[in-house]
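Participant: Take 0 as the starting number for the sequence shown in numbering that gives the first Met the number 0 and just add one per residue.
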Amino acid sequence: MFRSIVKPILFAGVIAICFSTCKENLTGDLKPNLAPETHTIVDTIMRFGNDRFKTQISILWWGEDPDGFVRSYEYSTDKQNWFTTTKQDSLFLVNIPLGQDTLDFAFYVRAIDNQGKKDPTAAYIVFPVKNSPPSVQFEYAVGNPKRKPDMSFPVLKFNWKGNDPDGDENIAFYELYLNDTNNNPVLIDAVFSSLILKAKSTSSPADCDVYQGNSLNLHEHPMEGLYLNDTNQLIIRAVDIVGEKSPYVYSYKIYVRNPVSTTLLVNAYSTSIAAREIFYTQNLDAIGVTSYDVTRLQEVNGDHFTELAPDNITQSMIFNLFETIIWFGKSIDFSMALAQRTSNEFFENDGKMFMAVEISSSISEQAGYLDFSPIDSLVGLPKGAIAFRLEKGSDVNPLQAGWPQLKTDPNKFIASARPFYEDFTSVPLYDAVIMKSTSSGSEIWTGKSTVMAKRENSLGKTTFIISSLELHNLNGNGNFNALFTKLFIDEFEL
Numbered sequence: 000m001f002r003s004i005v006k007p008i009l010f011a012g013v014i015a016i017c018f019s020t021c022k023e024n025l026t027g028d029l030k031p032n033l034a035p036e037t038h039t040i041v042d043t044i045m046r047f048g049n050d051r052f053k054t055q056i057s058i059l060w061w062g063e064d065p066d067g068f069v070r071s072y073e074y075s076t077d078k079q080n081w082f083t084t085t086k087q088d089s090l091f092l093v094n095i096p097l098g099q100d101t102l103d104f105a106f107y108v109r110a111i112d113n114q115g116k117k118d119p120t121a122a123y124i125v126f127p128v129k130n131s132p133p134s135v136q137f138e139y140a141v142g143n144p145k146r147k148p149d150m151s152f153p154v155l156k157f158n159w160k161g162n163d164p165d166g167d168e169n170i171a172f173y174e175l176y177l178n179d180t181n182n183n184p185v186l187i188d189a190v191f192s193s194l195i196l197k198a199k200s201t202s203s204p205a206d207c208d209v210y211q212g213n214s215l216n217l218h219e220h221p222m223e224g225l226y227l228n229d230t231n232q233l234i235i236r237a238v239d240i241v242g243e244k245s246p247y248v249y250s251y252k253i254y255v256r257n258p259v260s261t262t263l264l265v266n267a268y269s270t271s272i273a274a275r276e277i278f279y280t281q282n283l284d285a286i287g288v289t290s291y292d293v294t295r296l297q298e299v300n301g302d303h304f305t306e307l308a309p310d311n312i313t314q315s316m317i318f319n320l321f322e323t324i325i326w327f328g329k330s331i332d333f334s335m336a337l338a339q340r341t342s343n344e345f346f347e348n349d350g351k352m353f354m355a356v357e358i359s360s361s362i363s364e365q366a367g368y369l370d371f372s373p374i375d376s377l378v379g380l381p382k383g384a385i386a387f388r389l390e391k392g393s394d395v396n397p398l399q400a401g402w403p404q405l406k407t408d409p410n411k412f413i414a415s416a417r418p419f420y421e422d423f424t425s426v427p428l429y430d431a432v433i434m435k436s437t438s439s440g441s442e443i444w445t446g447k448s449t450v451m452a453k454r455e456n457s458l459g460k461t462t463f464i465i466s467s468l469e470l471h472n473l474n475g476n477g478n479f480n481a482l483f484t485k486l487f488i489d490e491f492e493l
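1. So, with DSSP's three-state summary, where would you put Gly62?
2. Could you tell me which whole beta strand (DSSP E) segments of length 3 or greater appear in the segment 380 to 410?
3. Would you kindly report the start and end of the unbroken beta strand (DSSP E) that includes Phe104?
4. So Ile464 packs on Lys453, CB below 8 Å; how close in whole Å?
5. Taking the alpha-carbon positions, what's the Ser262 to Met335 distance?
6. Would you say the segment 227 to 247 touches the segment 91 to 108, given that touching needs at least three Cβ pairs under 8 Å?
7. Are the segment 456 to 463 and the segment 359 to 369 in contact at 8 Å, needing three or more beta carbon pairs?
8. With DSSP as the reference, please indicate the residues paired to His38 in a beta bridge.
9. Looking at C-alpha atoms only, which residue of Asp103, Glu357, Tyr291 is the closest neighbour of Phe321?
10. Along the chain, which unbroken stretches of the beta strand (DSSP E) at least 3 residues long are found entirely within the segment 284 to 368?
11. Compute the distance between the beta-carbons of Lys145 and Asp302, then report whether it is under 8 Å.
12. Give me the Cα-Cα distance between Pro164 and Ala105, rounded to the nearest whole angstrom.
13. Can you check which of these residues, Leu215, Gly287, Phe327, Met316, is closest to Asn348 by C-alpha distance?
14. Would a C-beta distance cut-off of 8 Å place Ala205 and Pro153 closer than the cut-off?
15. Using a threshold of 8 Å, state whether the C-beta atoms of Phe327 and Asn266 are closer than that.
16. Unbroken beta strand (DSSP E) runs of length 3 or more, entirely within the segment 419 to 475: which are they?
17. What did DSSP end up calling Asp370 once you bin it into helix, strand or coil?
18. Give me the residue from Val135, Glu168, Arg295, Thr101 with the minimum Cα distance to Leu92.
19. With a threshold of 16 other CB atoms inside 10 Å of the CB of Lys22, please say whether the residue is buried or exposed.
20. Label Glu492 either buried or exposed according to how many other C-beta atoms from any shown protein chain fall within 10 Å of its C-beta, with 16 as the threshold for buried.
21. Answer yes or no: do Phe224 and Asn178 have a C-beta to C-beta separation smaller than 8 Å?
22. Please classify Asp112: is it buried, with 16 or more other beta-carbons within 10 angstroms of its beta-carbon, or exposed?
23. Considering only the alpha carbon of each residue, which of Ser134, Gly475, Pro35 lies closest to Gly392?
24. Grab me the residues of Asp188's own chain with a C-beta within less than 7 Å of its C-beta, minus the 5 sequence neighbours each way, in chain order.
25. Buried or exposed: which applies to Glu344, given that a residue is buried once 16 or more other Cβ atoms fall within 10 Å of its Cβ?
26. Comparing C-alpha positions only, which one of Phe126, Asp310, Ala273, Arg236 sits nearest to Gly212?
27. So the alpha helix (DSSP H) Phe479 belongs to, where does it begin and stop?
28. DSSP on Thr270, reduced to helix/strand/coil?
29. In three-state terms, what does DSSP make of Leu227?
30. Taking the continuous beta strand (DSSP E) assigned at Glu174, which residues delimit it?
31. To the nearest angstrom, report how far apart Tyr268 and Asn183 are at their CA atoms.
32. Give a yes or no on contact between the segment 478 to 487 and the segment 435 to 450, applying the rule of three or more CB pairs nearer than 8 Å.
33. Taking Gly161 as part of the beta strand (DSSP E), name the residues at either end of that continuous run.
34. Of the residues Asp370, Ser439, Ile385, Gly379, which one's Cα is nearest the Cα of Ser425?
35. Under 8 Å, do Trp159 and Glu138 count as touching if we go by C-beta distance?
36. According to DSSP, is Tyr279 part of a helix, a strand, or is it coil?
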C-alpha cells in the first residue's frame, strides 16, 4: 500500500523538473495577441411596412478568439455608449420617438478576449421596427354567481386589462369616458387597472369623483356625464408611449338609481325575495315610514347578481350613502360576513342598522363575523341536543319596558331559534320559550335565551339592533304595528 502511494508523487516531481529545465531552453519571439471576432445571428434584415419587427427584439451574438477565449462583450446602439455583459443574448425594448410608428434600430456588439483586447470591427445589425397598437378589455369579478350588477346606486366599480404586443410596459395611460366620447376624457396612468366612480351630486348628468385602483387614489379631475335613473356604460381605450391608441371598448350597461331617501332596506334573501320585501315595506308604510330605498343583494339574473357590488369596497361606499339600514335575510353566513366587511365606515358616520337573520344551530359559537354586532357569542347546543327551535305559538317576551309581547305563528314552528349572549355594550330586548330538540324528543331550554338585543352609543342613542329570529314569523299576536313603531320610530327615529 505504501509503494502505490509514493510512485505517483515521485513521477509528478520528475515532470515538474523536466518542464522547468525545458522552459529555460525555449527561444524565439512571442506572438502578439490576436483580436477576437464577433458575430450575430444574421447580418442583414429586410422587412417593410407591417412586416417590420415589434418593439421587443431578441438578439443573439457570440465571439471567437484564435489564441485564447472570449471573456465578455460590449454592446451599443449608437457606437458611443457601450455596455458590458457576459451574456450572449438579450431582449431589447425599442423606444420609438413620439409621433413615429417606425424606426431602424441599430445594434453593435464586440467581443473582448481574456487579455482585454476588443474586436476592432464590431458586429453590426439593423432591425426595422414598427410599433404595434395596444389593446384593452374590461374584466369582471369571477364567482358563481358573478358580482356584475345590472343595477346600482351611484357608486360604480370597473376593472380592465391592457395589453401591448410590444410589451405591456409600452402602455402609457388609459382614456376613459362615461357614455359619450365627446365628453372630456379622464386620463388614468397605466399603473392602475380599476376605478370606482362616485357621483358628486344628485343632479343628472352628474360629475363623478374618480378613485383609482385598490388604493382609492383620488384623481385630480372628475369624470363627467353620469346619468341618474338611467343606463350608463364606461368607455376606455389604451394609449402607448408613442401615442398610438387602441379602439374604444365599451363596458356592459348598468342602470344607476338616484337614492330617494336616507334609509336603505337591504333584502338579503335568495328565495321568497319579493314576499319578504313586501312584508317590510307594508309594515313600514303602516307606521308612516314611506320614504326608503331597496336593494336586493342575493337576487340573481342568469350568471350574476343583479345588485351586489363588484367588491366590498364599492358596497361599503354604497352603504355610506345612507343613514339607516334595515337588513333582513335567511343566511347569517352571507349577511353577517358581508355586513362586517362593509359597514365599518357606515357606523363611524353614526349610521344605524337593524338586522334580522336566522341563526342555525350549526353556526360556530364564536363565529368571526359576530364581533361587529351586539352579539358576543352564540349559545352552544348542550350535550345530546340536535337543535334549538320554537314550537307553534311560542311566546317571545320583552325584556325592557314599552316593548310589545310577541308570539310566533300558531300554525308554524320555527326550526332554528338560536339564542345568544349580548356583549357588554348591549342591552337584551327579547328572549323566547326555546325548546332543545334531541333524538328522543324535545324539552324546554332553561339557559340563556336572548333572541334580540340593541347597542347604544355614548349618548344613549340606539345604533344597532339584531334579531336571531326572522320578524315575519312573530305576528302570532297580530301586533307588528307596535313592534315596527318601537323599532323604527322610537329607537331609530325615522
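All C-beta atoms in this analysis are idealised placements derived from N, C-alpha and C, irrespective of residue type, glycine included.
Facilitator: Checking against the coordinates, here is how it stands:
1. Working through the sequence shown from its first residue, we reach residue 62 at position 63. In this structure, Gly62 counts as strand in the three-state DSSP scheme.
2. 384 to 388, 394 to 397
3. Here residue 104 refers to the residue found at position 105 of the sequence shown. Residues 101 to 112.
4. Translated into positions along the sequence shown, residue 464 becomes position 465. Translated into positions along the sequence shown, residue 453 becomes position 454. The beta carbons of Ile464 and Lys453 sit about 5 Å from each other, so the pair counts as a contact at 8 Å.
5. Against the sequence shown, residue 262 aligns to sequence position 263. Against the sequence shown, residue 335 aligns to sequence position 336. Rather than Ser, the amino acid found at residue 262 in this sequence is Thr. Distance between the alpha carbons of Thr262 and Met335 is about 19 Å.
6. yes
7. no
8. By 1-based counting over the sequence shown, the position of residue 38 is 39. Beta-bridge pairing links His38 to Trp61.
9. For this step, residue 321 is matched to residue 322 along the sequence shown. It is Tyr291 whose Cα lies nearest to the Cα of Phe321.
10. 292 to 295, 323 to 328, 351 to 356
11. Numbered from its first residue, the sequence shown carries residue 145 at position 146. Numbered from its first residue, the sequence shown carries residue 302 at position 303. Yes, these two residues count as a Cβ contact at 8 Å.
12. Your numbering for residue 164 matches position 165 in the sequence shown. Your numbering for residue 105 matches position 106 in the sequence shown. Each residue's alpha carbon lies about 21 Å from the other.
13. Taking the sequence shown and counting its residues from 1, the one referred to as residue 348 is at position 349. Nearest of Leu215, Gly287, Phe327, Met316 to Asn348, Cα basis: Met316.
14. In the sequence shown, residue 205 corresponds to position 206, counting from 1. In the sequence shown, residue 153 corresponds to position 154, counting from 1. Cβ atoms of Ala205 and Pro153: closer than 8 Å.
15. What you label residue 327 is simply residue 328 of the sequence shown in a count that begins at 1. What you label residue 266 is simply residue 267 of the sequence shown in a count that begins at 1. Contact flag set, yes.
16. The DSSP assignment places complete beta strand (DSSP E) segments of no fewer than 3 residues inside the segment 419 to 475 at 419 to 421, 425 to 431, 434 to 437, 440 to 443, 449 to 455, 461 to 466, in order along the chain.
17. Residue numbering aside, residue 370 sits at position 371 when the sequence shown is read from its first letter. Correct three-state label for Asp370: helix.
18. Walking along the sequence shown from the start, residue 92 turns up at place 93. Of the listed residues, the one whose Cα sits closest to Leu92 is Glu168.
19. For the purposes of this step, residue 22 is identified with residue 23 of the sequence shown, where counting begins at 1. Any reading at Lys22 needs caution, since the residue's pLDDT is 44, under 50, leaving its predicted position unreliable; the model's value is listed next. Result: exposed.
20. Translated into positions along the sequence shown, residue 492 becomes position 493. That one is exposed.
21. In the sequence shown, residue 224 corresponds to position 225, counting from 1. In the sequence shown, residue 178 corresponds to position 179, counting from 1. One point to set straight first is that residue 224 is Gly, not Phe, in the sequence displayed. Going by C-beta atoms, Gly224 is nearer than 8 Å to Asn178.
22. The residue you call residue 112 lines up with position 113 of the sequence shown. The residue is buried, with at least 16 neighbouring Cβ atoms inside 10 Å.
23. For the purposes of this step, residue 392 is identified with residue 393 of the sequence shown, where counting begins at 1. With distances taken between Cα atoms, Gly392 lies closest to Gly475.
24. One-based indexing of the sequence shown puts residue 188 at position 189. Around Asp188: Phe172.
25. By one-based count along the sequence shown, residue 344 stands at place 345. It is exposed - the Cβ of Glu344 has fewer than 16 other Cβ atoms within 10 Å.
26. Working through the sequence shown from its first residue, we reach residue 212 at position 213. It is Asp310 whose Cα lies nearest to the Cα of Gly212.
27. Here the question's residue 479 lines up with position 480 in the sequence shown. Per DSSP, Phe479 belongs to the alpha helix (DSSP H) from 479 to 483.
28. Taking the sequence shown and counting its residues from 1, one reaches residue 270 at position 271. In the three-state reduction of the DSSP assignment, Thr270 falls in the coil class.
29. Translated into positions along the sequence shown, residue 227 becomes position 228. Residue state, collapsed to three classes: coil.
30. Residue numbering aside, residue 174 sits at position 175 when the sequence shown is read from its first letter. Run containing Glu174: 170 to 177, per the beta strand (DSSP E) assignment.
31. For the purposes of this step, residue 268 is identified with residue 269 of the sequence shown, where counting begins at 1. For the purposes of this step, residue 183 is identified with residue 184 of the sequence shown, where counting begins at 1. Their backbone Cα atoms lie some 41 Å apart in a straight line.
32. no
33. The count along the sequence shown starts at 1 and reaches residue 161 at position 162. Looking at the DSSP string, the run of the beta strand (DSSP E) that includes Gly161 is 154 to 162.
34. Within the sequence shown, numbered from 1, the residue matching residue 425 stands at position 426. Of the candidates Asp370, Ser439, Ile385, Gly379, the one whose C-alpha sits nearest the C-alpha of Ser425 is Asp370.
35. Sequence index remark: in the sequence shown, residue 159 carries index 160 (1-based). Sequence index remark: in the sequence shown, residue 138 carries index 139 (1-based). Yes, Cβ-Cβ distance for Trp159 and Glu138 is below 8 Å.
36. Locating residue 279 in the sequence shown gives position 280, counting from the first residue. If DSSP states are grouped into helix, strand and coil, Tyr279 belongs with the helices.
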